[in-house]
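Step one of this worksheet: look at the structure below.
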Amino acid sequence: MSKQTSLGRRLRLGMVGGGQGAFIGAVHRIAARLDDRYELVAGALSSKPDVAAASAAELFIDSDRSYASFEDMAKQEAAREDGIDVCAIVTPNHLHFPAAMAMLDAGIHVICDKPLCMTVDEAEKIAAKVKETGLLFALTHNYTAYPMVREARQMVADGKLGNIRLVQVEYPQGWMATRVEDTDNKQANWRADPAKAGMGGALGDIGTHAHNLANFVSGMTPSELCADVDAIVEGRKLDDNVQILMRYENGARGMLWASQVAIGHENGLRLRIYGDKGGLEWAQEHPNHMHFRPLDGRPELLTRGGAGIGAEGLHGVRVPPGHPEGYLEGFANLYTDFADQLVAHLTNGKADAAAMLVPGVKEGLEGMKFVEAVVRSGRDGAVWVKM
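Each residue of the sequence shown is one higher than the one before, counting from 1 in the UniProt record's numbering.
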């Protein structure tokens with residue numbers, strides 16, 4: 001792991017959302033702590049004042065730095081000499097845009113959970129604000145930080161697969177196969193609510209991950225797509241299953257399937273890419289291995305940290321081969337790489353190239369354009385639409 005320490009202290013981290021009952025906030029906090037680069041010192045952890053205060057106390061945040069709103073936190077932290085360097089936004093989707101804009105307006109760098117926001121218009125405004133302020137912005141598409149995913153990306157870039165012909169990515173889950181949103185399941189409640197989740201259900205939640213992963217590894221983005229968008233569970237307001245055909249500028253073809261009603265699947269993100277010289281396959285539930293099948297050679301099983309892995313694939317490896325690494329470490333790699341970027345920014349230095357692979361507003365805007373195009377295609381009868 002690259003660890004720039006020239007700042008002489010941990011980065012001061014604030015958090016919006018992630019209080020009691022939340023899932024992803026704890027994941028972000030673990031990721032921030034894993035390489036000891038951040039210290040959580042402030043938070044607007046819930047829209048409910050009592051929950052926010054209780055959550056802050058549990059996390060040993062001083063009461064004077066526990067805020068009732070992200071607007072208050074942005075304003076007051078920006079005025080402090082020891083104010084936060086960066087803020088993690090881990091709320092439901094509808095709050096990503098206002099929270100990010102409040103932090104950027106206050107001069108605070110941002111780490112935002114995906115998707116970037118609710119609409120393309122919001123994404124463009126965030127991108128413009130980042131450009132205007134010169135602040136750093138990370139989007140936690142954490143699967144891009146798995147070592148074998150970065151190895152796959154480098155193999156494609158090095159031409160080991162040749163000219164890319166086919167891109168297939170799928171992300172099946174089964175946890176919303178019934179109307180769990182009608183229960184006390186907090187995670188399902190907001191994901192099934194268009195006012196909080198946005199245009200896409202499974203599309204916005206996991207389809208954006210699949211899209212981002214395929215783009216990251218292939219180095220390409222679809223130029224047009226045709227989408228079948230379904231709400232299979234009766235009465236559901238947002239999609240729970242999407243099947244998408246994709247075309248690329250170089251003539252390659254792609255398919256993307258994202259579902260939260262595929263009973264028996266837990267977190268089945270899987271990527272296959274085929275060129276005219278070979279193909280590769282990686283599955284998130286077996287993240288430490290990747291299959292590479294060259295046209296004129298024997299199939300290879302590549303292992304995380306093992307023989308023959310390049311610098312990109314070794315970046316972020318913490319333990320020897322055979323000791324599994326995965327979801328939490330992927331998040332931690334993003335946090336650590338972004339810490340390198342922040343330290344370099346604050347000290348007028350330069351981060352290593354490997355630390356610059358963290359997704360940002362560019363990828364966030366691509367994701368929102370993808371969601372909008374899929375929704376438009378599905379609405380119009382599964383027609384081909386330009387991205």
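Heads up, the beta-carbon is just placed ideally off N, CA and C, and yes, glycines get one too.
Because the structure is a prediction, the values reported are computed rather than measured.
Reduced DSSP secondary structure (H/G/I, E/B, other) of residue i
i           : result
residue 335 : helix
residue 246 : strand
residue 385 : strand
residue 1   : Residue confidence for residue 1 is low, a pLDDT of 46 falling below 50, so the modelled location carries little weight; the figure read from the coordinates is stated next. Three-state result, residue 1: coil.
residue 357 : helix
residue 94  : helix
residue 256 : strand
residue 33  : helix
residue 262 : coil
residue 370 : helix
residue 210 : helix
residue 271 : strand
residue 365 : helix
residue 220 : coil
residue 377 : helix
residue 286 : coil
residue 278 : strand
residue 352 : coil
residue 239 : coil
residue 342 : helix
residue 230 : strand
residue 79  : helix
residue 102 : helix
residue 295 : coil
Supposed contact pair residue j and residue i - C-beta distance, whole angstroms, cut 8 Å
i           : j           : result
residue 94  : residue 17  : Incorrect: roughly 11 Å between the Cβ atoms, too far for contact.
residue 264 : residue 326 : At roughly 20 Å, the Cβ-Cβ gap does not stay under 8 Å, so residue 264 and residue 326 are not in contact.
residue 192 : residue 201 : 6 Å
residue 370 : residue 140 : Between residue 140 and residue 370 the Cβ distance is about 17 Å, and since that is not below 8 Å, they are no contact.
residue 288 : residue 145 : Rounded, the Cβ-Cβ distance is 14 Å, inconsistent with contact.
residue 255 : residue 168 : 5 Å
residue 136 : residue 342 : 6 Å
residue 37  : residue 339 : 4 Å
residue 281 : residue 267 : Not a contact, Cβ separation roughly 17 Å.
residue 15  : residue 90  : 6 Å
residue 306 : residue 321 : 5 Å
residue 252 : residue 165 : 5 Å
residue 364 : residue 123 : 6 Å
residue 308 : residue 161 : With a Cβ gap of about 16 Å, residue 308 and residue 161 do not count as contacting.
Candidates the options, of which the one nearest residue i by Cα
i           : options            : result
residue 367 : 144, 207, 24       : 207
residue 204 : 35, 46, 40, 239    : 239
residue 176 : 170, 189, 164      : 189
residue 35  : 10, 55, 23         : 10
residue 143 : 384, 276, 113      : 113
residue 420 : 161, 124, 79, 103  : As displayed, the chain neither begins before 1 nor continues past 387, which places residue 420 out of reach and without an answer.
residue 276 : 121, 293, 260, 262 : 293
residue 229 : 350, 259, 165, 108 : 259
residue 134 : 108, 148, 124, 159 : 108
residue 148 : 271, 350, 353      : 271
residue 171 : 353, 283, 33, 387  : 283
residue 69  : 46, 337, 21, 79    : 46
residue 32  : 381, 347, 335, 372 : 335
residue 383 : 350, 226, 233, 302 : 226
residue 372 : 121, 42, 82        : 121
Any chain B beta carbon closer than 8 Å to residue i
i          : result
residue 47 : Of the protein chains in this structure there is only one, and it is not chain B.
Q. Counting Cβ pairs closer than 8 Å, one from the region 242 to 251 and one from the region 221 to 228, do we hit at least three?
A. Because the criterion of three Cβ pairs below 8 Å is met, the region 242 to 251 and the region 221 to 228 touch.
query: In chain order, which continuous runs of the alpha helix (DSSP H) of length 4 or greater are located wholly inside the region 109 to 192?
result: 120 to 133, 147 to 157, 186 to 191
Q: Output the residue ranges of the beta strand (DSSP E) runs that lie fully inside the region 297 to 323 and measure 3 residues or longer, sorted by chain position.
A: 300 to 303
*Is the region 181 to 188 in contact with the region 112 to 122, if contact means three or more CB pairs nearer than 8 Å?*
no
Return the chain-ordered ranges of every alpha helix (DSSP H) run that is complete within the region 2 to 69 and spans a minimum of 4 residues. The region 2 to 69 contains these whole alpha helix (DSSP H) runs: 24 to 34, 49 to 58.
Margin query: Whether or not the region 152 to 168 and the region 121 to 137 are in contact is what I'm after, with contact meaning three or more pairs of Cβ atoms, one per stretch, closer than 8 Å; do they touch?
Written below: no
_Under 8 Å, with one C-beta from each stretch per pair, do the region 373 to 387 and the region 356 to 363 reach the 3-pair mark?_
Between the region 373 to 387 and the region 356 to 363 there are fewer than three C-beta pairs closer than 8 Å, too few to call the two in contact.
Count the CB pairs spanning the region 74 to 91 and the region 292 to 302 that are closer than 8 Å, and state whether there are at least three. no
Checklist entry - Counting Cβ pairs, one atom from each stretch, are 3 or more of them under 8 Å apart for the region 58 to 66 and the region 96 to 116? => result no
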